[in-house]
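Residue numbers (the numbering used here): 513 to 757.
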Amino acid sequence: MLRSVKSLIGYKIGATDGPMGKVDSFLFDDSAWIIRYLVVDTGGWLPGRQVLISPVSLERPVTKVRMMPVNLTREQVENSPDIDTDKPISRQAEIELHKHYDWTPYWIGGGFDAPIIQPSSEEKKQAAVAAMEKADSHLRSTQEVTGYRIHATDGDIGHVEDFVLEDESWGLRYLVVDTKNWLPGRSVLISPQWIEQISWPDSKVWTDLSSEQIKDSPRYDPSAPVNQEYETRLYDYYGRPKDWE
513 MLRSVKSLIG YKIGATDGPM GKVDSFLFDD SAWIIRYLVV DTGGWLPGRQ
563 VLISPVSLER PVTKVRMMPV NLTREQVENS PDIDTDKPIS RQAEIELHKH
613 YDWTPYWIGG GFDAPIIQPS SEEKKQAAVA AMEKADSHLR STQEVTGYRI
663 HATDGDIGHV EDFVLEDESW GLRYLVVDTK NWLPGRSVLI SPQWIEQISW
713 PDSKVWTDLS SEQIKDSPRY DPSAPVNQEY ETRLYDYYGR PKDWE
């Protein structure tokens with residue numbers, strides 16, 4: 513099911529033995545456009561502390577009460593490595609976190625849509641794992657990227673307002689672009705596949721679409737579900753191959 517990222521902010525997180533906080537934001541892998549962690553504000557339980565939870569620990573969300581159960585205990589979470597979520601998160605910090613929870617690291621084949629290492633020998637496998645563990649982390653906050661300007665092939669056309677994710681794979685399927693400075697009251701969707709470049713220092717996203725194309729694209733209504741009928745119209749409009757066919 514496709515969901516707005518903003519609609520999930522504030523969801524309660526329930527451990528196996530009680531409440532543990534609320535969703536504050538999400539961290540995604542900017543090389544794969546996949547959510548790697550939920551940033552959970554623990555509120556009065558662990559005052560002043562935010563913790564990271566991998567989607568692999570999530571059970572099915574209970575939409576009616578805005579809650580996401582996790583298969584973790586409060587003690588596990590309380591004893592997890594203390595990570596400053598306001599600063600860039602190193603791969604070493606991720607390694608410690610995955611060891612604590614016994615999660616299979618996504619960078620060596622665990623998690624959702626992770627790169628799978630398939631070397632021909634155990635020695636090569638260990639070398640590949642070591643190299644990936646030394647690699648830089650590619651984590652970005654959805655909260656941080658919200659507000660980034662969108663640059664079409666012929667000029668600015670809006671800014672990132674939200675994201676749409678697929679809650680089975682936790683992949684970010686679309687960026688929601690607010691074009692109200694150019695097209696009053698109108699929001700549209702852009703796939704990460706149509707992005708050419710991102711300048712993190714300049715908070716800017718370049719797309720391979722023209723402002724005219726974006727202006728006339730199917731309107732996005734956040735109150736309506738993004739279903740396959742809408743996606744088909746969107747991809748047909750842009751003349752792009754449908755990745756679900």
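Cβ atoms here follow ideal geometry from the backbone N, Cα and C, with glycine treated the same way.
Residue 533 sits buried, since 16 or more C-beta atoms from the chains shown fall within 10 Å of its C-beta. Residue 713 and residue 657 have their C-alpha atoms roughly 11 Å apart. Counting C-beta pairs closer than 8 Å gives three or more between the stretch 715 to 732 and the stretch 657 to 673, which meets the contact rule.
For residue 517 against residue 701, the beta-carbon gap comes to about 13 Å, at or over 8 Å, which does not count as contact. Counting along the chain, the unbroken alpha helix (DSSP H) around residue 612 starts and ends at 603 to 613. Collapsing the DSSP output to three states places residue 698 in coil. Under the three-state reduction of DSSP output, residue 727 falls in the helix class. Classified as buried, residue 685 has 16 or more neighbouring CB atoms from the shown chains inside 10 Å of its CB. Bounds of any alpha helix (DSSP H) do not take in residue 705, whose DSSP letter is neither H nor E. In the three-state reduction of the DSSP assignment, residue 593 falls in the coil class. At least 8 Å separates the beta-carbon of residue 655 from that of residue 569.
Here the alpha carbons of residue 555 and residue 665 stand approximately 44 Å from one another.
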